[in-house]
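Plus 6 on top of the position in the sequence shown (first one is 1) and you've got my numbering.
Below: the structure, in structure tokens.
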Amino acid sequence: MKHDIIGLPSFSVIGQEETGPAQTCFEWVPKLWARTLPRAKEVEHLGFQGCWGLMSDADEFLSAWKEKGRYLAGWQVPRDTQAFGDWKVWTIPTSSWLQVEMRLDQFDEAMAFVRDEFFPHQPWVTVGSGHEYYPDTFCNVATDCLMFCLSIAPKT
């Protein structure tokens with residue numbers, strides 16, 4: 007699969023958050039997006055810099071999901087942005103990232119690539135949860151690609 011390793015400075019995302027069972031994420035995460043996207047006008051004054059689906063374990067912030075996951079559906083905003091109303095802000099630390107280009111229906115294929123092809127042959131390990139970055143051109147979930155991003159660090 008098409009992939010790259012990039013460095014990103016720390017960034018913040020404002021959005022709507024949901025917690026649910028990791029096993030059923032394909033049920034509750036799309037519902038969260040369906041509730042969040044129509045509310046974009048409430049936060050667009052902050053100056054969007056990209057759309058993100060951020061993931062974290064329910065109990066350990068920014069760790070990979072275990073039994074329950076947290077998901078933030080939202081938009082990248084300036085780092086000093088404060089949460090308001092029912093909006094949440096997550097700040098992601100500076101990191102190196104493995105970015106895998108994929109369509110939503112390729113999630114299992116992308117995870118297999120990362121697990122079976124990328125990590126066994128590279129000097130990297132994953133050090134946190136994965137996140138989804140949706141480019142401005144993303145419009146059609148059936149045909150358009152997003153970037154699945156995994157925080158990585160050199161093997162020790």
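Ideal placement from N, C-alpha and C gives every residue a C-beta, glycine not left out.
Check                                                                                                                                                  : Outcome
In chain order, which beta strand (DSSP E) runs of at least 3 residues are fully inside the stretch 109-160?                                           : 130-140, 152-160
For Ser16, count the other beta carbons within 10 Å of its own beta carbon; 16 or more makes it buried, fewer makes it exposed. Which is it?           : exposed
Pull up the distance between the alpha-carbon of Asp150 and that of Phe90, whole angstroms please.                                                     : 32 Å
Taking the continuous beta strand (DSSP E) assigned at Phe17, which residues delimit it?                                                               : 17-27
Please go through the stretch 67-95 and give each complete beta strand (DSSP E) segment of 3 or more residues, from N-terminal end onward.             : 74-83
Under the rule that 16 or more other beta-carbon atoms within 10 Å means buried, what is Leu43, buried or exposed?                                     : exposed
Under three-state DSSP, which class holds Thr97?                                                                                                       : strand
Assuming Leu38 is part of the beta strand (DSSP E), what are its boundary residues?                                                                    : Not the beta strand (DSSP E): Leu38 falls in the alpha helix (DSSP H), residues 31-42.
Can you give me the Cβ contacts of Arg109 inside the same chain, cut-off strictly under 6 Å, excluding the 5 residues immediately before and after it? : Cys151
Nearest by alpha-carbon distance to Asp65: which of Pro27, Gly21, Val95 is it?                                                                         : Pro27
Cβ of Gly13 within 9 Å of Cβ of Leu60?                                                                                                                 : no
If Leu68 and Gly134 are in contact, beta carbons under 8 Å, what's the gap, nearest whole angstrom?                                                    : 5 Å
Tell me the residue span of the beta strand (DSSP E) that contains Leu60.                                                                              : 57-63
If Phe124 and Leu104 are in contact, beta carbons under 8 Å, what's the gap, nearest whole angstrom?                                                   : 7 Å
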